[in-house]
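Those sequence lines, one after another, are chains A and B. With this note's numbering applied, the first sequence covers 3 to 164. With this note's numbering applied, the second sequence covers 3 to 164.
Number of protein chains: 2
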Amino acid sequence: MQQPVTDAPEDEPQTGDADAVLRELLGYHIKRAQSAIQADLNAALKPLDLRMLTFSALAVVASSPGLRQAQLADALSIERPNLVVILDELERRGLILRDRVPTDRRAYALKATLEGRRLFEAAQAAVRAHEAALFTGISPEDQVRLREMMQRIWRAGEGARE
Amino acid sequence: MQQPVTDAPEDEPQTGDADAVLRELLGYHIKRAQSAIQADLNAALKPLDLRMLTFSALAVVASSPGLRQAQLADALSIERPNLVVILDELERRGLILRDRVPTDRRAYALKATLEGRRLFEAAQAAVRAHEAALFTGISPEDQVRLREMMQRIWRAGEGARE
DNA sequence: TATTGTTATACTCTATAACTATA
DNA sequence: TATAGTTATAGAGTATAACAATA
Numbered sequence: 003m004q005q006p007v008t009d010a011p012e013d014e015p016q017t018g019d020a021d022a023v024l025r026e027l028l029g030y031h032i033k034r035a036q037s038a039i040q041a042d043l044n045a046a047l048k049p050l051d052l053r054m055l056t057f058s059a060l061a062v063v064a065s066s067p068g069l070r071q072a073q074l075a076d077a078l079s080i081e082r083p084n085l086v087v088i089l090d091e092l093e094r095r096g097l098i099l100r101d102r103v104p105t106d107r108r109a110y111a112l113k114a115t116l117e118g119r120r121l122f123e124a125a126q127a128a129v130r131a132h133e134a135a136l137f138t139g140i141s142p143e144d145q146v147r148l149r150e151m152m153q154r155i156w157r158a159g160e161g162a163r164e
Numbered sequence: 003m004q005q006p007v008t009d010a011p012e013d014e015p016q017t018g019d020a021d022a023v024l025r026e027l028l029g030y031h032i033k034r035a036q037s038a039i040q041a042d043l044n045a046a047l048k049p050l051d052l053r054m055l056t057f058s059a060l061a062v063v064a065s066s067p068g069l070r071q072a073q074l075a076d077a078l079s080i081e082r083p084n085l086v087v088i089l090d091e092l093e094r095r096g097l098i099l100r101d102r103v104p105t106d107r108r109a110y111a112l113k114a115t116l117e118g119r120r121l122f123e124a125a126q127a128a129v130r131a132h133e134a135a136l137f138t139g140i141s142p143e144d145q146v147r148l149r150e151m152m153q154r155i156w157r158a159g160e161g162a163r164e
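What follows is the structure, given as structure tokens:
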């Protein structure tokens, strides 16, 4: 069962094989897939003038009204300062409101406007279509396995960070 | 078998549930896992003064000597201009060389120095340890499945980009 | 004293146009 | 003309320190 490995000389590496060292790493494949997902998601959100981050923020605010910015930043796994510009943009576009919390005048209670909720609904449909398209090749059972594996990796990373 | 779902009132969302909308998306879990992987990988490479990108570039150059910059950029899936600073850094540190190609004086043939190959070996060991640590919770068979799924997603993204 | 949101800042990664020197 | 590497530049995401207002 001898396989003719390749015709090319060893010292002239083929372009398509140059990433062979990297392809041995699981993280390489996960990164490539994640890049593809992000690109496709942003393309799907572009007609709505949203990006992954602005969509995520709008989605969380729309479905969990009353959150404070610190809580939202936590839910999005981003730092508080980085959330400010995102909310500035969503607020400027009339998609969310920063309501003062009466009991704690330092904080804002975030909520989506009617327009924000409508845009969220449209965006969610676009995102679901995007996921359906990108994950067609993966059976529902495998998608469940995949989600579990991703959660395990994330938890392992959490553990390593302490 | 009734489960007491939660004690909290509905209109005061719990912090831990704020990302419920996002957790329905497979892409959300993949992104979180990828972030964890990148953070852990960079932490593993930090003692060697490498990052994911500089490691990847060094790895490809070390194992495929003679590549041109355009080919390397292609292997790394980055744009040619963005590769320049990375190679500048690796060259300045004496890890790689840019050798003129005699037959095409526009191009450089990239190769790792002895020191570059040594650092690559050390880095590869660190990266393997990092992957072993992060992926302990995933059986070898599942890791194979995972890789296949990532490749499928990436190809679906490629198809969507045309 | 501690916390909320904010400003300022910096670093990394990414993407595009335009230049130079060669081909 | 076209290509290889480069420069300049801009956008997006991420991270930290420090501030004013409030608790």
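For glycine and all other residues, C-beta sits at the position ideal for the given N, C-alpha and C.
Coil, strand or helix - residue i by DSSP
i         : result
Asp76(B)  : helix
Arg94(A)  : helix
Arg70(A)  : coil
Arg157(B) : helix
Arg107(B) : strand
Ser141(B) : coil
Ala64(B)  : helix
Glu123(B) : helix
Leu43(A)  : helix
Ala35(B)  : helix
Leu148(B) : helix
Glu26(B)  : coil
Ala20(A)  : coil
Pro11(B)  : Residue placement at Pro11(B) is poorly supported in this model, since its pLDDT is 42, which falls under 50; the coordinates still yield a value, given next. Pro11(B) falls in the coil class under three-state DSSP.
Glu81(A)  : coil
Under 7 Å by beta carbon: chain B residues contacting residue i
i        : result
Pro23(A) : Checking the displayed sequence, the identity of residue 23(A) turns out to be Val instead of Pro. Within chain B, the residues near Val23(A) are Ala61, Val62, Ser65.
Ala75(A) : Ordered by position in chain B, no residue passes the 7 Å Cβ test against Ala75(A), which lies about 10 Å from the chain.
Proximal residues of chain B, C-beta to C-beta of residue i below 9 Å
i         : result
Val129(A) : Leu27, Gly29
Ile88(A)  : Within chain B, no residue comes near Ile88(A); the closest Cβ sits about 14 Å away, beyond 9 Å.
Arg147(A) : Asp144, Arg147, Leu148, Met151
Ala125(A) : None at all; the shortest Cβ gap to chain B is about 11 Å.
Strand pairing of residue i, partner residues [DSSP]
i         : result
Leu112(A) : Leu69(A), Arg100(A)
C-alpha gap between residue i and residue j, whole angstroms
i         : j         : result
Asp144(A) : Leu136(A) : 14 Å
Ala158(B) : Gln71(A)  : 36 Å
Gly139(A) : Ala127(A) : 20 Å
Met151(B) : Glu26(B)  : 18 Å
Leu97(A)  : Leu50(A)  : 12 Å
Ala134(B) : Arg149(B) : 15 Å
Ala45(B)  : Leu85(A)  : 25 Å
Leu69(A)  : Ile155(B) : 34 Å
Leu47(A)  : Asp106(A) : 35 Å
Pro83(A)  : Leu89(A)  : 11 Å
Leu121(A) : Ala41(B)  : 33 Å
Ala61(A)  : His31(A)  : 28 Å
Val129(B) : Leu24(B)  : 30 Å
Ser37(B)  : Thr56(A)  : 18 Å
Ile165(B) : Leu43(A)  : Chain B is shown from 3 up to 164; residue 165(B) falls before or after that span and cannot be answered.
Ser141(A) : Leu28(B)  : 13 Å
Glu117(A) : Glu81(B)  : 38 Å
Arg94(A)  : Ser79(A)  : 23 Å
Arg100(A) : Ala22(B)  : 21 Å
Assigned exposure category for residue i - 16 Cβ within 10 Å defines buried
i         : result
Val103(A) : exposed
Leu52(B)  : buried
Ala20(A)  : buried
Ser66(A)  : buried
Met3(A)   : Since pLDDT at Met3(A) reaches only 41, below the 50 mark, its modelled position is unreliable, and the value read off the structure follows with that caveat. Met3(A) is exposed by the Cβ-count criterion.
Val63(A)  : buried
Ala131(B) : exposed
Gly167(B) : Coverage of chain B is limited to positions 3 through 164, which leaves residue 167(B) absent and any answer about it impossible.
Gly18(A)  : exposed
Val146(A) : exposed
Leu112(B) : buried
Ile34(A)  : According to the sequence shown, residue 34(A) is Arg rather than Ile. Buried, because 16 or more other Cβ atoms sit within 10 Å of the Cβ of Arg34(A).
Cβ-heavy atom distance, residue i to the ligand ADP, below 7 Å
i         : result
Gly139(B) : By its list of ligands, the structure shown contains no ligand whatsoever, and the ligand ADP lies outside what it can speak to.
Partner residues on chain B for residue i, Cβ-Cβ distance less than 8 Å
i        : result
Glu81(A) : Simply none; closest approach about 13 Å.
Gln71(A) : Going along chain B, no residue has its Cβ under 8 Å from Gln71(A), so there is no contact; the nearest lies around 12 Å.
Ala20(A) : Val62, Ser66, Leu69, Gln73, Leu74, Asp76, Ala77
Cross-chain neighbours of residue i in chain A, by beta carbon under 8 Å
i         : result
Thr138(B) : Ala158
Ile39(B)  : Gly29, Ile32, Lys33, Ile155, Gly159
Chain-ordered chain A contacts of residue i [CB-CB under 9 Å]
i        : result
Arg34(B) : Ser79, Met152, Gln153, Ile155, Trp156, Gly159
Interface residues of chain A facing residue i [CB-CB closer than 7 Å]
i        : result
Asp42(B) : Gly159, Ala162
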